[in-house]
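Colleague:
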DNA sequence: GCCGTTTTCGGCCCGACTGTTTTCAGTCG
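Residue numbers (the working numbering): 2 to 577.
(1) Beta strand (DSSP E) containing residue 288: first to last residue?
(2) Taking DSSP as the reference, what is the three-state secondary structure of residue 380?
(3) Residues bridged to residue 428 by DSSP?
(4) If you draw a straight line from the C-alpha of residue 480 to the C-alpha of residue 513, how long is it?
(5) Can you name, in chain order, every residue of its own chain whose Cβ lies under 8 Å from the Cβ of residue 269, other than the five neighbours on each side?
(6) Do the region 137-157 and the region 508-524 make contact, defined as three or more Cβ pairs closer than 8 Å?
(7) Using the beta-carbon count (16 or more within 10 Å), is residue 386 buried or exposed?
(8) Measure the CB-CB distance between residue 430 and residue 418 and report whether it falls below 8 Å.
(9) Quick check: the Cα distance between residue 394 and residue 434, rounded to an integer number of angstroms?
(10) Return helix, strand or coil for residue 339, following the three-state DSSP convention.
(11) Alpha carbon to alpha carbon, how far is residue 492 from residue 468?
(12) Classify residue 88 as helix, strand or coil using the three-state DSSP reduction.
(13) Cβ of residue 215 within 8 Å of Cβ of residue 247?
(14) Suppose you measure from the CA of residue 12 to the CA of residue 295; what does that come to, to the nearest Å?
(15) Please report the residue range of the beta strand (DSSP E) in which residue 507 lies.
(16) What number of angstroms, rounded off, separates the C-alpha of residue 145 from the C-alpha of residue 122?
(17) Thinking C-beta only, is residue 255 closer than 8 Å to residue 306?
(18) State the Cα-Cα distance for the pair residue 410 and residue 370, rounded to the nearest angstrom.
(19) Among the candidates 570, 199, 543, 565, whose CA atom is the shortest distance from the CA of residue 182?
(20) If you draw a straight line from the alpha carbon of residue 540 to that of residue 4, how long is it in whole angstroms?
(21) With 16 other CB atoms within 10 Å as the buried threshold, where does residue 253 fall?
(22) Please determine, among 345, 461, 558, 225, the residue with the shortest C-alpha to C-alpha distance to residue 578.
(23) Is DSSP giving residue 66 helix, strand or coil here?
(24) What does the alpha-carbon distance come out to for the pair residue 287 and residue 299?
(25) Pick from 487, 372, 398: whose alpha carbon is nearest that of residue 565?
(26) Does the Cβ-Cβ distance between residue 488 and residue 518 come in under 8 Å?
(27) With distances taken Cα to Cα, identify the nearest neighbour of residue 342 among 91, 552, 233.
(28) Suppose you measure from the CA of residue 449 to the CA of residue 20; what does that come to, to the nearest Å?
(29) In whole angstroms, what separates the C-alpha of residue 237 from that of residue 126?
(30) So, with DSSP's three-state summary, where would you put residue 156?
(31) Determine the extent of the alpha helix (DSSP H) in which residue 495 is found, giving its start and end residues.
(32) Mind checking who residue 242 pairs with in its DSSP beta bridge?
(33) Using beta-carbon positions only, say whether residue 185 and residue 201 come within less than 8 Å of one another.
(34) Excluding sequence positions up to five away, which residues of its chain have a Cβ less than 6 Å from the Cβ of residue 187?
(35) Per the contact definition of three or more C-beta pairs closer than 8 Å, is the region 312-322 in contact with the region 257-266?
(36) If you reduce the DSSP assignment to three classes, tell me which class residue 417 lands in.
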């Protein structure tokens, strides 16, 4: 049982409690515990086995017992009791913006709505409009929310799908001797969200049944969709579909290439192959010969495949047919930024605000990753719910950082702030306070419903502020949950170019903000990007991987990224 | 439900915004 799973169950209890009419503080307790558990480094099962659950902030006797139940059985009696009072489908309603637990409760009790389908009907036949406190605008907002919910495709975050896929591939390799297995598809191309998981496995003829059986009887399978000798397909309990292709050993390279896609990239390649008298499919590369059998051309690996086509190797992240084929033919593909190029993280939260780890622990963790520097960028005071810093607490933090810089060897902790961009483009802290910071990240956390002009003028205020270095999560989206605020991105890129402002690729898996295409626009315009985690815990530092993926999909090289620079170059570049 | 104490109960990160109100409840970050 993973931390995230325990956390999910606790969050479910919190929602149900609130819908059930319990006081909000009770629900808050569950959410606080859930939040901490999802961020902490230790596996919750280990915490439980050393009998230390109550040492977790926000976990007392009651929640500790429930966590034990959840680890043991996946649920707890308390949850089951709640579910007899409140239908589980009601939780779906909470995904509609502006519809919270009180409203869900009223809809249930006063109109009998138990889920999405019911709500749609109740909106249509006027039962909702007849409720007290439901005017025209509120009904319209619900209708829109419902519509948006339905149109959102059921894709999964890369950060969720990738480890699941890797685990399956690993399992397949251990189920018979000599099996090769690799994750293909959009996961291999590192798209931000993933529809289905594709895995390619190669083995000898006699091992095919073993590989298939291993795949079809693995953990967490909800449904077997297909189970043939070359293609197997399952749906996991979480709803994600996983397709497995089983090929012969000599077909592995071309099969992996084929199922990595994208389709558009392949269509383009096949055209080029045809001109060269070659045919490419999942089974191999073949010489096309008129009137006689096709002759297979041996292909050792993907590099060789591209070489056969007269091209440089195209990394999976670039295979979208957005110019990479032409560039590879002309040997002008950029060399993409690598994990090892990243020398620091410029957007990190500590336990001064809503992070859970101390600056010292974060610094030591960063040093052990081989980083040269990090910036502690806690929230500013406008974010009251996160205990945002005012000038006084910011100074206290600065003093602490000064002393830690003497005691933590091999790493420079930069003093930073993630300052809120307020209405009208004002910063949430005075220039004096910002001037004393080494790194200032400026972000929008409020007024998401501003119009395009208002948003732009706020960002303009930030970019033109001489102390602001980086715009944090520039579009404000949360993947699958919140649309970006209305932003004319090309205009922001132009502005950033003029003011020398860095735009962030926020690596938090549900943000990935900017996205790959905007990163690429930055590169084309000569605007510097930074790849930062926005970590709220030690574990969050690992998310850097997802930011690097975005950068690579955006064609960024080492030189395009601010935090690949050595410390003195970095400071010079941001004018410190 | 947690936590800390003023030790057995009272406060809990809190302010902005919105739609519906006419004085506020609900939602959100």
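Each residue gets a CB set at the ideal place from its N, CA and C atoms; glycine is no exception.
Modeller: Let me lay it out:
(1) Along the first chain, read from residue 1 onward, the residue named residue 288 stands at position 287. From DSSP, the beta strand (DSSP E) with residue 288 extends over 285-288.
(2) Sequence index remark: in the first chain, residue 380 carries index 379 (1-based). DSSP places residue 380 in strand when its eight states are reduced to three.
(3) Residue 428 sits at position 427 when you count from the first residue of the first chain. Per DSSP, 422.
(4) Mapped onto the first chain, residue 480 falls at position 479. Mapped onto the first chain, residue 513 falls at position 512. So the alpha carbons of these two residues sit roughly 8 Å apart.
(5) Residue mapping note: residue 269 aligns to position 268 of the first chain, counting from 1. Result list for residue 269: 322, 326, in chain order.
(6) no
(7) Start at 1 with the first residue of the first chain, and residue 386 comes out as number 385. By the neighbour-count rule (16 or more Cβ atoms within 10 Å), residue 386 is not buried but exposed.
(8) Within the first chain, numbered from 1, the residue matching residue 430 stands at position 429. Within the first chain, numbered from 1, the residue matching residue 418 stands at position 417. Yes.
(9) Here residue 394 is taken as the residue at index 393 of the first chain, counted from 1. Here residue 434 is taken as the residue at index 433 of the first chain, counted from 1. When rounded, the distance between both Cα atoms is 11 Å.
(10) The residue labelled residue 339 in the question sits at position 338 within the first chain. Note: residue 339 maps to coil in three-state DSSP.
(11) Residue mapping note: residue 492 aligns to position 491 of the first chain, counting from 1. Residue mapping note: residue 468 aligns to position 467 of the first chain, counting from 1. Their backbone Cα atoms lie some 21 Å apart in a straight line.
(12) The residue given as residue 88 occupies position 87 in the first chain. DSSP places residue 88 in coil when its eight states are reduced to three.
(13) Start at 1 with the first residue of the first chain, and residue 215 comes out as number 214. Start at 1 with the first residue of the first chain, and residue 247 comes out as number 246. Not a contact, by the Cβ cut-off of 8 Å.
(14) Along the first chain, read from residue 1 onward, the residue named residue 12 stands at position 11. Along the first chain, read from residue 1 onward, the residue named residue 295 stands at position 294. Looking at the two C-alpha atoms, the distance is approximately 59 Å.
(15) As a position in the first chain, residue 507 is number 506, starting the count at 1. Counting along the chain, the beta strand (DSSP E) containing residue 507 begins and ends at 503-507.
(16) If you number the first chain from 1, residue 145 lands on position 144. If you number the first chain from 1, residue 122 lands on position 121. If I take the Cα positions, the gap works out to 14 Å.
(17) Residue numbering aside, residue 306 sits at position 305 when the first chain is read from its first letter. Residue numbering aside, residue 255 sits at position 254 when the first chain is read from its first letter. Against a cut-off of 8 Å, the Cβ pair of residue 255 and residue 306 comes out as a contact.
(18) Position 409 of the first chain, counting from 1, holds the residue named residue 410. Position 369 of the first chain, counting from 1, holds the residue named residue 370. For residue 410 and residue 370, the distance between alpha carbons rounds to 13 Å.
(19) Numbered from its first residue, the first chain carries residue 182 at position 181. If we check each option's Cα against that of residue 182, 199 comes out closest.
(20) By 1-based counting over the first chain, the position of residue 540 is 539. By 1-based counting over the first chain, the position of residue 4 is 3. When rounded, the distance between both Cα atoms is 12 Å.
(21) Counting from one through the first chain, the residue named residue 253 turns up at place 252. Buried is the call here.
(22) Nothing about residue 578 can be reported from this structure: the residues present for the chain run from 2 to 577 only.
(23) Numbered from its first residue, the first chain carries residue 66 at position 65. Looking at residue 66 - three-state DSSP - the assignment turns out to be helix.
(24) For the purposes of this step, residue 287 is taken as the residue at position 286 of the first chain. For the purposes of this step, residue 299 is taken as the residue at position 298 of the first chain. If you take the alpha carbons of residue 287 and residue 299, they lie about 9 Å apart.
(25) The sequence position of residue 565 within the first chain is 564, counting from 1. For residue 565, the nearest C-alpha among the options comes from 372.
(26) Your numbering for residue 488 matches position 487 in the first chain. Your numbering for residue 518 matches position 517 in the first chain. Contact: no.
(27) Here the question's residue 342 lines up with position 341 in the first chain. Here the closest residue by C-alpha is 552.
(28) Here residue 449 corresponds to residue number 448 of the first chain, with the count starting at 1. Here residue 20 corresponds to residue number 19 of the first chain, with the count starting at 1. Cα-Cα distance, rounded: 26 Å.
(29) The residue labelled residue 237 in the question sits at position 236 within the first chain. The residue labelled residue 126 in the question sits at position 125 within the first chain. Going by the C-alpha atoms only, they are around 37 Å apart.
(30) Start at 1 with the first residue of the first chain, and residue 156 comes out as number 155. Three-state DSSP puts residue 156 in coil, outside helix and strand.
(31) Along the first chain, one-based indexing puts residue 495 at 494. 490-500 is the span of the alpha helix (DSSP H), which, as asked, contains residue 495.
(32) Here residue 242 corresponds to residue number 241 of the first chain, with the count starting at 1. Beta-bridge pairing links residue 242 to 236.
(33) For this step, residue 185 is matched to residue 184 along the first chain. For this step, residue 201 is matched to residue 200 along the first chain. Yes. Within cutoff.
(34) Locating residue 187 in the first chain gives position 186, counting from the first residue. Correct list, in chain order: 195.
(35) yes
(36) As a working note, residue 417 is residue 416 in the first chain. Looking at residue 417 - three-state DSSP - the assignment turns out to be strand.
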